[in-house]
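One structure is given here, and the rest of the page talks about it.
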Amino acid sequence: MDSHRRRLADLVVDLIPTKVLQQRAHAADSKGAATATSTISPYHSNLDGVNQPVNMLFKDMLWASFGGMAVLVLVITVSRILWAQLRHVSAMSVEGERQNYWKTAQWNWMPSLKKHLIYAPLWKKRHNKEIKLSNAIGIGTLPSRMHTVILGFYLASNMVYMFFLNWENANIYSFCAELRGRSGTLSVVNMVPLIILAGRNNPLIGMLHVSFDTYNLLHRWIGRMSVIEAVIHTIAWLIVQIADSGWEGVWHRMSNELFIGSGVAGTISLIVIMILSFSPVRHAFYETFLNVHIILAFFIFLMTYIHCAVAGLPGGLPQLPWMIAIFTLWFLERMARIVRVAYMNWSDRGVTDAIVEAVPGECTRVTMNLPRYVDVKPGTHAYLRFKDIRPWDCHPFSIGWVEHIPDHRALPLDEEKAQLTSIDKKNTTTSVSFIIGAHTGFTRDLYNVARQSGER
Numbered sequence: 434m435d436s437h438r439r440r441l442a443d444l445v446v447d448l449i450p451t452k453v454l455q456q457r458a459h460a461a462d463s464k465g466a467a468t469a470t471s472t473i474s475p476y477h478s479n480l481d482g483v484n485q486p487v488n489m490l491f492k493d494m495l496w497a498s499f500g501g502m503a504v505l506v507l508v509i510t511v512s513r514i515l516w517a518q519l520r521h522v523s524a525m526s527v528e529g530e531r532q533n534y535w536k537t538a539q540w541n542w543m544p545s546l547k548k549h550l551i552y553a554p555l556w557k558k559r560h561n562k563e564i565k566l567s568n569a570i571g572i573g574t575l576p577s578r579m580h581t582v583i584l585g586f587y588l589a590s591n592m593v594y595m596f597f598l599n600w601e602n603a604n605i606y607s608f609c610a611e612l613r614g615r616s617g618t619l620s621v622v623n624m625v626p627l628i629i630l631a632g633r634n635n636p637l638i639g640m641l642h643v644s645f646d647t648y649n650l651l652h653r654w655i656g657r658m659s660v661i662e663a664v665i666h667t668i669a670w671l672i673v674q675i676a677d678s679g680w681e682g683v684w685h686r687m688s689n690e691l692f693i694g695s696g697v698a699g700t701i702s703l704i705v706i707m708i709l710s711f712s713p714v715r716h717a718f719y720e721t722f723l724n725v726h727i728i729l730a731f732f733i734f735l736m737t738y739i740h741c742a743v744a745g746l747p748g749g750l751p752q753l754p755w756m757i758a759i760f761t762l763w764f765l766e767r768m769a770r771i772v773r774v775a776y777m778n779w780s781d782r783g784v785t786d787a788i789v790e791a792v793p794g795e796c797t798r799v800t801m802n803l804p805r806y807v808d809v810k811p812g813t814h815a816y817l818r819f820k821d822i823r824p825w826d827c828h829p830f831s832i833g834w835v836e837h838i839p840d841h842r843a844l845p846l847d848e849e850k851a852q853l854t855s856i857d858k859k860n861t862t863t864s865v866s867f868i869i870g871a872h873t874g875f876t877r878d879l880y881n882v883a884r885q886s887g888e889r
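Using this note's numbering, read the sequence shown as starting at 434 and increasing by one per residue.
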């Protein structure tokens, strides 16, 4: 019995990866340079050398940090709404002088927190104002201090997760494999919140009372981090592959293996999409950028999905379910947008029509007559598209005013008076008006069309 156990123990020890590599190294020493790749070739494919348990741990930690931040903002938002409601109810039930309690902050530290962190600009006085090199070229907007704290925490955590490696590893190629697995995992992990924050129909906007601009800011920085991690992932693979078979082996695998080809194509597309997203390029050709951005994003997700699916592992790479979730979120957001547009602009009364008028001050008044009742909230905006003026362009504009128009033809005479105090949504349409200043591009074309139509 003891003899069998000893043999089994020896067998287990011999199968430990470190023991196997030591045996390969010994064989290489005995055979010379002809077998020098025995400590290289295992580390440019699959999960050899990848510390998968730690990768999954950091995946959970990164997603938990996003979820924790959302829960914290939700709690603060609900608390603020409840406090405002309490203040409103309390002030309604007392005399004017007794309302003085609400003139000052109830917490001494709150004004300083708002002044120096929540509402403060990053530096001195510039706040939400684009930095311009000229009238046509801008290089972006500085984030607020609060945004900077959030972004700093996010970027620092990604750096810590990515470089939490075994720096004592004497085998540089094994080290590169660990870095390859970590950076690739984090790049895909970041794609999940990236796609959530990109949507116009993001439900978190209403739930957390956070503006679309803030989500867009986070979307841009998460995207940049995902690109950087994907580039590091590719470089770590290249180091091992070049050492093993040279550039000839790299080109051969890129052109003959779908796994490698899809990964390289995805990385190149990520680099292109980041270059095109720089503020001067984005603003100079915004509509072209937007359409190319959507196409490239879909291509990147497709290549990443293929890269995960065709890996030489049963069931693909562990990141495959995440890519399925990303495609599902992207598809649902697009479908929600199509359904919403169809609902707003089509009904049994017809379709939406627009009246465009040129007004003094180089402005255009646009009146959208919707075929149904729509409850438009104050301070909101809408995305407009005109089939006769750049049909592929879609721009957001603030809503000026709204008018609900009852259809008296659908009502008996004795019910018309009731419409003065209540709205029958089934027999009412909504008219939404905008005042759009003529600048360059789409708004200038819109103004020119309105002016030419008025001169006829």
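Heads up, the beta-carbon is just placed ideally off N, CA and C, and yes, glycines get one too. On a predicted model such as this, the values are computed, not experimentally measured, just so you know.
- Taking all protein chains shown into account, Glu611 has 16 or more neighbouring C-beta atoms within 10 Å of its C-beta and is therefore buried.
- The beta-carbon separation of Val697 and Thr667, rounded to 7 angstroms, stays under the 8 angstroms limit for a contact.
- Secondary structure note for Pro829: its beta strand (DSSP E) is the uninterrupted segment 828–831.
- Contact fails between the region 702–721 and the region 585–601, because fewer than three Cβ pairs, one in each stretch, are under 8 angstroms apart.
- Assigned with DSSP and collapsed to three states, Ala815 falls in strand.
- In the three-state reduction of the DSSP assignment, Asp786 falls in the strand class.
- The three-state reading of DSSP puts Ser526 in coil, since its state is none of H, G, I, E or B.
- Distance check between Val582 and each of Met543, Ala603, Phe608, Leu550 places Leu550 closest, using alpha-carbon atoms only.
- Counting only runs that start and end inside the region 854–879, the beta strand (DSSP E) elements of at least 3 residues fall at 861–870.
- Taking Asp786 as the centre and dropping the five residues before and after it, the same chain places the C-beta of Asn802 closer than 6 angstroms to its C-beta, in chain order.
- Counting the other Cβ atoms within 10 Å of the Cβ of Ile655 gives 16 or more, which makes it buried.
- In the three-state reduction of the DSSP assignment, Glu766 falls in the helix class, which pools H, G and I.
- Its chain contains Arg798 as the residues whose beta carbon lies nearer than 6 angstroms to that of Val792, once the 5 sequence neighbours on both sides are disregarded; these appear in chain order.
- At the C-beta level, His872 and Asp677 stay beyond 9 angstroms of one another.
- Residues Cys796, Arg798, Gly833 of the same chain have their beta carbon placed closer than 7 angstroms to that of Ile868, with the five preceding and five following residues left out of the count.
- Excluding five sequence positions before and after His814, the CB atoms of its chain that fall closer than 8 angstroms to its own CB belong to Pro829, Phe830, Ser831, Ile832, given in chain order.
- Contact check for Glu662 against Leu619 passes: the beta carbons are separated by less than 9 angstroms.
- C-alpha of Gly500 to C-alpha of Tyr880: approximately 45 angstroms in a straight line.
- Annotated three-state conformation of Leu619 is helix, per DSSP.
- In the same chain as Gly870, and ignoring 5 residues on each side of it, the C-beta atoms closer than 6 angstroms to its own belong to Cys796, in chain order.
- Looking at the DSSP output, Thr800 bridges to Ile788, Ser866.
- Pro839 sits in a strand when the DSSP states are folded into three classes.
- When Met595, Ser616, Thr876 are compared, the shortest CA-CA separation from Ile822 is found for Thr876.
- Going by C-alpha positions, Thr537 is about 49 angstroms away from Trp755.
- Annotation for Tyr719: the continuous alpha helix (DSSP H) segment containing it runs 719–742.
- The DSSP-derived three-state label of Thr537 is coil.
- Contact between Arg615 and Asn479 is ruled out by a C-beta separation of about 15 angstroms, above the 8 angstroms threshold.
- Put simply, of Ser780, Ser864, Ala524, Thr737 the residue whose alpha carbon is nearest the alpha carbon of Thr800 is Ser864.
- With 16 or more other CB atoms across the displayed protein chains lying within 10 angstroms of its CB, Ser702 is buried.
- DSSP places Gly639 in the uninterrupted alpha helix (DSSP H) bounded by 636–641.
- A residue is called buried when at least 16 other Cβ atoms come within 10 angstroms of its Cβ; Met658 meets this threshold and is buried.
- When DSSP reads this structure, Trp779 sits in a beta bridge with Val784.
- The Cβ-Cβ distance between Met595 and Thr737 does not fall below 9 angstroms.
- Counting along the chain, Ala589 sits inside the alpha helix (DSSP H) bounded by residues 578–595.
- Excluding sequence positions up to five before and after Val622, its CB lies within less than 6 angstroms of the CB of Lys492, Leu495, all in the same chain and listed in chain order.
- Shown here, Pro824 sits in coil according to DSSP, grouped into three states, outside any helix or strand.
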